[in-house]
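Going by this note's numbering, 270 is the number at position 277 of the sequence shown; the sequence numbering is gapless.
Beta carbons: idealized from backbone N, C-alpha and C, even for Gly.
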Amino acid sequence: MNYNFDEVINRKNTDSFKWDFFQDPEETIPMPVADMDFRSAEPILQALREVTEHGVFGYSIVPEELKDILQKRLERLYGWKTEKEWQVWIPGLVPAITATCRAIGEIGDAVITSIPVYHPFHLAPGYVGKKLQTFPLIEVDNRWTFDFEALEKAITEDTKLFMLCNPYNPAGTVFTQEELEKLAEICQRHNLIICSDEIHCDLILDKNKKHIPIASLSQVTENMTITLLAPSKTFNIAGLGCSVAIIPNPELRQKFNAAKDGFFPPLPRHSMVAAMAAYRDCEDWRLQLIDYLRANHDYMFQALNGYKGLKMLPLEATYLAWIDARETGIEDIQERILKAGVRLIDGKTFMGEGFLRLNFACPKSVLEEAVKRIKSAF
């Protein structure tokens, strides 16, 4: 079956955070929030129809079938053999980041992460009385990677947790086995727990790259890692609220559960049914989506990289372009682009001064118009 990703769906006035929250002029194209403007796959829609038609919306438990589907999927796609009891299903990945910061270490201890980074990473430690430590990404061979020397210098005796984003939001990096092994060795040597947000793992754009769960490197690394996953980004069901933490170490799992209990509601059945349908029945949709996103990426990269001082590195994964605008000499570039009719996210949100993030998971015609407007801002 061929899916129509060219279809333009009107999301205005649907209480969409992406399309309705900012109250921009009607003609503005919003490209800040990380959800897609594509219709979800038919198996997901049918699964939701069946739940709705049943007509009873009581409390639910996590289906064994969902656990089984995820377990088999992780081994099939990534060669990672897991146990079903390692799975802790939760209604959102962002609160899981905060719960992990709460679970690891004591009040006043430190959490370290690279920057620029998805903003919950640098906000969550402060929510739970922890200190934030950061070190920079650096550009090497036309891609963003860790500055390991800076990481070693930033770690202190108070550091208890490393927050990893792989694939990386917003830089789009898919870390290699060598990079992950080096990171794991540093964390092991300093007795750091790793929390690895791998929500974009199914959205690899570079055909020469492969996602490697850091927990799959070795049993030692597995036992010091909390891996966070969700079908939400891949299958465009973020609003349904269904995520999972994979925690092999029973002591870590107990700490995570204790940190979340009383704060996380049970998952609604419709979110778990949608997740099952996505993982079980929508692989063809996912592969066609990736082809479409690759084409969008290549068009956007060719159009914007080098234009009037804008710079981009080729994305290895995600649908979130990370645009370096520092050489444009324009301080209010986000506002200028907004006046031209496109809303992007200022890199300051991610501790990336002078950058912009652009979501290109939209029909090609919408992207073409957005690029035209962005160019007109200069």
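I want to see whether chain B comes within less than 8 Å of Arg350, judged by CB atoms only; does it?
No chain B appears in this structure, which consists of one protein chain only.
Near Glu215, which residues of its chain fall below 6 Å by C-beta distance, leaving aside the five closest residues on each side in sequence?
If you number the sequence shown from 1, residue 215 lands on position 222. The residues are Ala208, Pro241.
From the DSSP secondary-structure annotation, give me the bridge partner or partners of Glu238.
On the sequence shown, residue 238 is found 245 positions in, with the first residue counted as 1. What sits at residue 238 in the sequence shown is Ala, not Glu. Ala238 pairs with Val81, Leu221.
Residue of Pro23, Ser9, Gln126, Phe31 minimising C-alpha distance to Asn(-3):
Counted from its first residue, the sequence shown places residue -3 at position 4. Of all alpha-carbon atoms in Pro23, Ser9, Gln126, Phe31, the one lying nearest the alpha-carbon of Asn(-3) is that of Phe31.
Tell me whether Pro356 sits in a helix, a strand or coil according to DSSP, three-state version.
For the purposes of this step, residue 356 is taken as residue 363 along the sequence shown, with counting starting at 1. Coil at Pro356, not helix or strand.
Straight-line gap, Lys365 to Phe348 (C-alpha atoms, nearest Å):
Locating residue 365 in the sequence shown gives position 372, where the first residue counts as 1. Locating residue 348 in the sequence shown gives position 355, where the first residue counts as 1. Their Cα atoms are separated by approximately 19 Å.
Does Arg4 come out as helix, strand or coil in the three-state DSSP assignment?
Within the sequence shown, numbered from 1, the residue matching residue 4 stands at position 11. In this structure, Arg4 counts as coil in the three-state DSSP scheme.
Is it the case that the region 142 to 156 contacts the region 101 to 109, given that we only count it when at least three CB pairs across the two stretches are under 8 Å?
yes
3-residue-minimum beta strand (DSSP E) runs that sit fully inside the region 101 to 168, ordered along the chain
103 to 108, 124 to 133, 136 to 139, 152 to 158
Keeping to the same chain, check which residues put their C-beta closer than 6 Å to that of Asp190; ignore five residues upstream and five downstream.
Position 197 of the sequence shown, counting from 1, holds the residue named residue 190. Answer for Asp190: Cys158, Leu221, listed in chain order.
Bridge partners - Val49, DSSP secondary structure assignment
Position 56 of the sequence shown, counted from the first residue, corresponds to residue 49. According to DSSP, Val49 bridges with nothing at all.
Run of the alpha helix (DSSP H) containing Cys188, from where it starts to where it stops
For the purposes of this step, residue 188 is taken as the residue at position 195 of the sequence shown. Unbroken run through Cys188 is the beta strand (DSSP E), 186 to 190; no alpha helix (DSSP H).
Which two residues bound the contiguous beta strand (DSSP E) that contains Leu210?
Within the sequence shown, the letter at position 217 stands for residue 210. Counting along the chain, Leu210 falls outside any beta strand (DSSP E), and DSSP gives it neither H nor E.
Looking at Pro23: is its Cβ nearer than 8 Å to the Cβ of Arg329?
If you number the sequence shown from 1, residue 23 lands on position 30. If you number the sequence shown from 1, residue 329 lands on position 336. No, the pair does not count as a contact, with Cβ atoms beyond the cut-off.
Does the structure place the region 267 to 282 close enough to the region 38 to 50 that three or more beta carbon pairs sit under 8 Å?
yes
Nearest residue (CA-CA) to Cys355, options Glu19, Pro25, Phe14
What you label residue 355 is simply residue 362 of the sequence shown in a count that begins at 1. Per the Cα distances, Pro25.
With distance defined between alpha-carbon atoms, name the residue in Glu324, Asp(-1), Phe15 nearest to Asn6.
As a first step, residue 6 must be located in the sequence shown, where it is residue number 13. It is Phe15.
Cβ-Cβ distance between Pro163 and Leu313 below 8 Å
Numbered from 1 along the sequence shown, position 170 holds the residue referred to as residue 163. Numbered from 1 along the sequence shown, position 320 holds the residue referred to as residue 313. Taking the C-beta atoms as reference points, Leu313 is found nearer than 8 Å to Pro163.
C-beta atoms of Pro109 and Phe294 nearer than 8 Å
The count along the sequence shown starts at 1 and reaches residue 109 at position 116. The count along the sequence shown starts at 1 and reaches residue 294 at position 301. Their beta carbons are not under 8 Å apart, which means Pro109 does not touch Phe294 by this criterion.
DSSP three-state label for Ile323, please.
Locating residue 323 in the sequence shown gives position 330, counting from the first residue. Ile323: coil per DSSP, three-state reduction.
When DSSP labels each residue in this structure, what does Lys304 get in the three-state scheme?
The residue given as residue 304 occupies position 311 in the sequence shown. Note: Lys304 maps to strand in three-state DSSP.
Which of the three DSSP states is assigned to Ile330 in this structure?
Along the sequence shown, read from residue 1 onward, the residue named residue 330 stands at position 337. Here DSSP, grouped into helix, strand and coil, assigns Ile330 to helix.
Less than 8 Å separating the beta-carbons of His204 and Pro160?
Along the sequence shown, read from residue 1 onward, the residue named residue 204 stands at position 211. Along the sequence shown, read from residue 1 onward, the residue named residue 160 stands at position 167. Cβ atoms of His204 and Pro160: closer than 8 Å.
Select from Gln281, Ala252, Leu308, Arg273 the residue whose C-alpha is nearest the C-alpha of His290.
Here the question's residue 290 lines up with position 297 in the sequence shown. Here the closest residue by C-alpha is Leu308.
Keeping to the same chain, check which residues put their C-beta closer than 6 Å to that of Gly85; ignore five residues upstream and five downstream.
The residue you call residue 85 lines up with position 92 of the sequence shown. Answer for Gly85: Gly234, Ser236, listed in chain order.
So, with DSSP's three-state summary, where would you put Ala310?
One-based indexing of the sequence shown puts residue 310 at position 317. Ala310 falls in the strand class under three-state DSSP.
Reduced DSSP secondary structure (H/G/I, E/B, other) of His23:
Counting from 1 along the sequence shown, the entry for residue 23 is found at position 30. Before going on, a small fix: residue 23 reads as Pro here, not His. The answer is strand: DSSP assigns Pro23 an E or B state.
Examine the Cβ distances between the region 316 to 324 and the region 299 to 306 and report whether three or more of them are shorter than 8 Å.
yes
Which partner residues does Phe257 have in the DSSP bridge list?
Here residue 257 refers to the residue found at position 264 of the sequence shown. Note: Phe257 sits in no beta bridge, so no partner.
Where DSSP assigns a beta bridge to Trp315, which residues make up the other side?
On the sequence shown, residue 315 is found 322 positions in, with the first residue counted as 1. Note: Trp315 sits in a beta bridge opposite Arg350.
Mind checking whether Cys275 and Pro56 have CB atoms under 8 Å apart?
As a first step, residue 275 must be located in the sequence shown, where it is residue number 282. As a first step, residue 56 must be located in the sequence shown, where it is residue number 63. Going by C-beta atoms, Cys275 is not nearer than 8 Å to Pro56.
Who are Ile97's beta bridge partners in DSSP?
Counting from one through the sequence shown, the residue named residue 97 turns up at place 104. Partner(s): none; Ile97 has no beta bridge.
Mapping the DSSP letters down to three states, classify Ile37 as helix, strand or coil.
As a position in the sequence shown, residue 37 is number 44, starting the count at 1. Residue state for Ile37 is assigned as helix, using DSSP reduced to three classes.
Within this structure, are the beta carbons of Ala310 and Val167 separated by less than 8 Å?
Here residue 310 corresponds to residue number 317 of the sequence shown, with the count starting at 1. Here residue 167 corresponds to residue number 174 of the sequence shown, with the count starting at 1. Taking C-beta atoms as the reference points, Ala310 and Val167 count as a pair closer than 8 Å.
Whole-angstrom distance between Phe10 and Ile83, CA atom to CA atom
In the sequence shown, residue 83 corresponds to position 90, counting from 1. In the sequence shown, residue 10 corresponds to position 17, counting from 1. Rounded to the nearest whole angstrom, the CA to CA distance from Ile83 to Phe10 is 21 Å.
Endpoints, the alpha helix (DSSP H) within which Asn289 is located
Taking the first residue of the sequence shown as position 1, residue 289 is located at position 296. Unbroken alpha helix (DSSP H) run through Asn289: 276 to 297.
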